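Protein chains: 2
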Amino acid sequence: MKQFSKEKIDKFIEILDFSKIEGDLVPVITQDSQTNEILMLAFANEEAVRRSLETGYAHYYSRSRSELWKKGETSGHVQEIQQIITDCDSDSLLFKVKQTGAACHKGFYSCFYNEFVDGKIKIIGKKAFNPEEVYKKQ
Amino acid sequence: MKQFSKEKIDKFIEILDFSKIEGDLVPVITQDSQTNEILMLAFANEEAVRRSLETGYAHYYSRSRSELWKKGETSGHVQEIQQIITDCDSDSLLFKVKQTGAACHKGFYSCFYNEFVDGKIKIIGKKAFNPEEVYKKQ
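If you read the protein sequences in the order shown, they are chains A and B.
For the first sequence, the positions run 1 to 138 when the numbering used here is used.
For the second sequence, the positions run 1001 to 1138 when the numbering used here is used.
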C-alpha cells in the first residue's frame, strides 16, 4: 500500500466513528490478502490508524499494555497493508495484509485456530513457529 | 451446523472471555464459508452465543437497541452457521456462515464496502437488494 499524506489521513480519521468502544477504539479485522484467511482481531485508536496509513504497516492499540503496538515489532512478523476498508457504519476496519511469518503470538498462522466441534475445542490451525524461540529474551 | 445440547454449550460458554468489552460482549467476525469474504462485524453476549449454538443461526447483541438480535429476522437474510471458531485468547469469535440474501442492512452483500483509496472512499461492494423494499413497513 502506498503511504498517505497527513491531509488525506485527516479526512479518513474524520469519517471513522471511535465512539462505540470504551477508550475510543475501533475493532480491526486482519485478513490475508491472498487467501482471505482471517488472521486476527485487534483494536485501533486514532494514533494506530494514523501510523498504519503513514507507514503502510499494521499498527494496533494494545489494551492490556495501554500502548500503541506495531504488529511484528518483537517477532519480525509484520503485516504490510494492501487494502484498508471500513464498514457501513464506519465503526470497524478491515486490513487486508501481506503477513510475514505468522500472525498469532502462540505460533499459529492465524489466531482463529480453535473450532468448536461436537462440544469440544478442536485445534484446526497450522503451527508456523515456536513462540519460545521467537519471543525469547536476549 | 448441527445444534448443540445445553451441556455442550455450557462448556463452550465457560471457555469464552466476555470481560474485555463493556456490557460483557465478544466481537464476532462473520465470514462467507464458501468465498471467505468478510460479511460483517457484530457483538454477542452470552445469550446470543447460546441462541446461535442452539439454533444453528447467527444471533448477535444489538448495542443500539440493547437486545438480542437474530440476523435476518426482519429481512429474511439469515446466516446458517457452518463453523464456529474462537481465537487464541477466547475473547473473539468467528462465524463461518451460509448467507441468505445479503449481510448489510444498506443493501450490500458485505458491510465492508468502503475502501480508502488515494485519500477518498471508493465503494467496492456489490449492491444486492434495495433496503427500502426489504425493510419497508407493512
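We treat Cβ as the ideally placed atom computed from N, Cα and C, and that holds for glycine.
Keep in mind that this is a model prediction, so the values were computed, not measured.
So what does DSSP say about residue i, is it helix, strand or coil?
i: K1008/B; result: helix
i: E1037/B; result: coil
i: A1042/B; result: strand
i: E67/A; result: strand
i: S52/A; result: helix
i: Q138/A; result: Residue placement at Q138/A is flagged as unreliable, the pLDDT there being 45, under the threshold of 50; the coordinate-derived value follows with that caveat. Q138/A falls in the coil class under three-state DSSP.
Considering only C-alpha positions, which residue in the set the options is nearest to residue i?
i: Q1082/B; options: T1035/B, D1010/B, G1107/B, K1106/B; result: T1035/B
i: K127/A; options: I21/A, F112/A, S33/A, E80/A; result: F112/A
i: K1122/B; options: N130/A, I84/A, S110/A; result: I84/A
i: F95/A; options: E115/A, I13/A, I29/A; result: I29/A
i: V49/A; options: G1125/B, E1132/B, F1116/B, F1129/B; result: F1116/B
i: Y1109/B; options: K1002/B, P1027/B, L1039/B; result: L1039/B
i: L1025/B; options: K1136/B, Y1061/B, E1132/B; result: Y1061/B
i: K20/A; options: R1063/B, E1007/B, E1067/B, D1089/B; result: R1063/B
i: K2/A; options: D1118/B, F1043/B, S1090/B, A1058/B; result: D1118/B
i: Q1140/B; options: S33/A, Q99/A, E37/A; result: With chain B covering 1001 to 1138 only, the question about residue 1140/B has no answer from this structure.
i: E139/A; options: N45/A, A58/A, E80/A; result: Because chain A spans 1 through 138 in this model, residue 139/A falls outside it and cannot be assessed.
i: S75/A; options: E7/A, K8/A, A103/A, S33/A; result: A103/A
Where do the N-terminal and C-terminal ends of the alpha helix (DSSP H) with residue i fall, by residue?
i: L1025/B; result: Premise fails: L1025/B is in no alpha helix (DSSP H) and is neither H nor E.
i: F1073/B; result: Strictly speaking, residue 1073/B in this sequence is Glu, with Phe absent from that position. Taken as a continuous stretch (DSSP letters only), E1073/B belongs to no alpha helix (DSSP H), as it is neither H nor E.
Could you spell out the range, first to last residue, of the beta strand (DSSP E) harbouring residue i?
i: T86/A; result: 79 to 86
i: S92/A; result: It is not in any beta strand (DSSP E) - S92/A carries neither H nor E in the DSSP assignment.
i: I1123/B; result: 1120 to 1123
i: H1105/B; result: No beta strand (DSSP E) holds H1105/B; DSSP gives it neither H nor E.
i: K18/A; result: Contrary to the premise, residue 18/A reads as Phe rather than Lys in this sequence. Here F18/A belongs to no beta strand (DSSP E), and DSSP marks it neither H nor E.
i: N130/A; result: Unbroken run through N130/A: none, as it is neither H nor E.
i: F1116/B; result: 1114 to 1117
i: Y1060/B; result: 1059 to 1062
Would you mind telling me which residues of chain B sit closer than 8 angstroms to residue i, beta carbon to beta carbon, in chain order?
i: K98/A; result: Under the 8 angstroms cutoff, chain B gives no residues; its nearest Cβ is about 16 angstroms from K98/A.
i: E37/A; result: N1036
Residues of chain A with a CB under 8 angstroms from the CB of residue i: which are they?
i: K1011/B; result: G119, K120
i: I1081/B; result: Within 8 angstroms Cβ-Cβ: nothing; I1081/B doesn't reach chain A, min ~10 angstroms.
i: I1123/B; result: Residues of chain A passing the Cβ test: none, with the nearest at roughly 10 angstroms.
Given that residue i touches chain A, what residues does it touch there, using C-beta distances under 9 angstroms?
i: F1018/B; result: Within chain A, no residue comes near F1018/B; the closest Cβ sits about 14 angstroms away, beyond 9 angstroms.
How would you list, in chain order, the residues of chain B whose beta-carbon sits under 9 angstroms from the beta-carbon of residue i?
i: N114/A; result: I1015, I1085, T1086, D1087, C1088, S1090
i: F4/A; result: F1116, D1118, G1119
Mind pulling the chain A residues with CB within less than 7 angstroms of residue i?
i: N1130/B; result: Under the 7 angstroms cutoff, chain A gives no residues; its nearest Cβ is about 15 angstroms from N1130/B.
So which residues on chain B does residue i lean against when the C-beta distance must stay under 7 angstroms?
i: K8/A; result: G1119
i: E22/A; result: E1022
i: K106/A; result: C1088
Original post:
Counting Cβ pairs closer than 8 angstroms, one from the segment 58 to 71 of chain A and one from the segment 1045 to 1057 of chain B, do we hit at least three?
Top reply: no
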